[in-house]
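Heads up: the sequence shown at position 138 corresponds to 155 in the numbering used here, and the numbers run straight through without jumps.
Quick reminder that beta carbons are idealized off the backbone N, C-alpha and C, glycines included.
What follows is a set of notes on a single structure, which appears directly below.
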Amino acid sequence: MELSLLIGIAAFAFVTSVTPGPNNMMLLASGAQFGFTRTLPHMIGIVIGVAMLLFCVLLGLGALFTLYPSLYSVLNVAGSAYLLWLSWKIASGPVAAISEDDDTDSQPLRWWQAALFQFVNPKAWMMALGSVSTFSLPGDEYVLSGAMIMLAFAAIGFPAISVWAGAGAKLRDWLNSPKRRRGFNLTMGAATAATLLLIVDF
C-alpha cells in the first residue's frame with residue numbers, strides 16, 4: 018500500500034472522529050457528569066462499535082443501501098428517534114452538585130450500549146461507508162486495505178474522542194451548583210439533538 022493512501026486513511030479517521038457528532042456530544046456530557054474514568058467504557062464501546070460497523074460494510078452490508086435506498090431513510094428515522102431520546106436523557110439529567118449525586122441511579126453508557134448505538138448512528142454510517150468506498154482497494158489488496166481502515170479508526174479514533182470526554186471531565190469542578198448543571202444539561206441535550214442537522218439528510 019502506498020504511503021499517501023495510509024496518510025489519507027489516517028487523516029479521514031482523525032477528522033471524522035474528532036469533529037462534533039452524536040458520539041462526541043454524549044462523551045462531553047458523560048465526562049462532565051461521571052468523570053473521565055467512568056466514561057472509559059463508553060469510549061471503548063464506540064471504538065468497538067465502529068470496528069464492527071466497518072467490518073460489516075467491508076463484508077458488503079453497505080451495498081444494501083445502493084440496492085435499497087429506502088433502507089437509508091429507515092436508518093435515519095430510527096437513528097434520529099434514538100438520538101432524540103438520548104438528548105432528552107442528557108437534558109433531564111441530575112442537577113445536584115457532583116458530590117451529592119455520585120451514588121444515584123444515574124449511570125454512564127455501558128460499552129455494549131455505545132457499541133450498538135453505532136448501528137443507528139447516521140454519522141458512524143457515513144464514516145464507514147465513506148472510508149470503505151474511498152480507501153479500500155480492489156482485488157488482492159482489499160483485505161489489507163480494509164484492515165488498515167479498521168486499525169486507523171481504532172488507533173486514531175480513540176484518542177480523538179478522548180478529547181471530548183476529557184474536556185467534559187475538566188468541567189466537573191465548575192458544575193458545582195444545580196443552576197450551572199441544569200444549564201449545562203439543557204445545553205448538551207440541545208447540542209446532541211442539533212447534530213442531526215449536520216448528519217441527517219432530511
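To test your reading of the DSSP string, which unbroken beta strand (DSSP E) runs of 3 or more residues are found completely within the segment 49-120? none
Got a sec, what are the start and stop residues for the alpha helix (DSSP H) Leu20 sits in? From DSSP, the alpha helix (DSSP H) with Leu20 extends over 20-35.
To the nearest angstrom, how far is it from the Cα of Phe29 to the Cα of Pro155? 19 angstroms
Cβ neighbour criterion (16 or more within 10 Å) applied to Ser123: Residue environment for Ser123: exposed (fewer than 16 other C-beta atoms within 10 angstroms of its C-beta).
Is it true that the segment 180-198 meets the segment 67-87, where meeting means three or more beta-carbon pairs spaced less than 8 angstroms apart? no
Buried or exposed (CB count within 10 angstroms, at least 16 for buried), Trp191: exposed
Look at the Cβ atom of Thr54, then the Cβ atom of Ser47, and state whether they are nearer than 8 angstroms. no
Identify, in the order they occur along the chain, each residue of the same chain with its Cβ nearer than 6 angstroms to the Cβ of Glu281, setting aside the five sequence neighbours on each side. Because the chain is modelled from 18 through 219, residue 281 falls outside the range shown and cannot be assessed.
Below 8 angstroms between beta carbons: does that hold for Phe175 and Ile166? no
Are the CB atoms of Ala182 and Val64 within a distance shorter than 8 angstroms? no
Is Leu192 helix, strand or coil by DSSP? coil
So, are the CB atoms of Ala177 and Val35 less than 8 angstroms apart? yes
In terms of residues, what are the limits of the alpha helix (DSSP H) holding Val160? 159-187
Pick from Gly52, Asn40, Leu22: whose alpha carbon is nearest that of Ala184? Gly52
If you count every other CB in all the chains shown that lies within 10 Å of the CB of Lys187, and 16 or more means buried, which is it? exposed
So which of His59, Ala210, Ala49, Leu203 has the shortest CA-CA distance to Trp128? His59
Start and end of the alpha helix (DSSP H) containing Pro139? 139-152
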